[in-house]
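Novice:
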Amino acid sequence: MPVTVSTIADPLGTKLVIDVECNATAEAVVTAGATTIYAVECDNTANSTVPSYVKLLDAASVTVGGASGSDPTLLLRVGAGLKETYVFGTGLPFTTNLTFWAVKSPYSNTSDDSNAAVSPASAVIVKILCT
18 MPVTVSTIAD
28 PLGTKLVIDV
38 ECNATAEAVV
48 TAGATTIYAV
58 ECDNTANSTV
68 PSYVKLLDAA
78 SVTVGGASGS
88 DPTLLLRVGA
98 GLKETYVFGT
108 GLPFTTNLTF
118 WAVKSPYSNT
128 SDDSNAAVSP
138 ASAVIVKILC
148 T
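In the working numbering, each residue carries its 1-based index in the sequence shown increased by 17.
1. Relative to the alpha-carbon of L115, which residue among S131, V79, T102 and N126 has its alpha-carbon at the smallest distance?
2. Anyone know if the C-beta pair for N132 and S85 falls short of 9 Å?
3. Across which residues does DSSP place P110 in a beta bridge pair?
4. Per DSSP, which one or two residues make a beta bridge with K100?
5. How many Å lie between I54 and T112 at the Cα?
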């Protein structure tokens, strides 16, 4: 079967955001404005017994946990001991800013789950390809 290689005029993304210690302390105002996310790689291999939850928010400020924790724009579950990649073919626009963090619970409020503001036992490595 023949193979075709084509030149792409525009790159898929112009920024690669890397956080090697993603935890419950949110990385806020990462892109300093609007961005489009094309891929997110989450490496949870250091947490071999429990999943982690990487949360991305389209906002300049965030409240992690508490009685009124911020609901994420995007919630990514990363299986125990796994590295997973999520790809958004046409891009996922964030109109305000990119803010993200990782916790042990899919819930936003600690009144629903006390782990909503608790970091995974070991840091999750997060890489985000965006514009």
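Positions of the beta carbon are idealized from the N, C-alpha and C atoms, including for glycine. Predicted, not measured: the structure shown is a model, and the values here were computed from it.
Specialist: According to the data block:
1. V79
2. no
3. T53
4. D60
5. 11 Å
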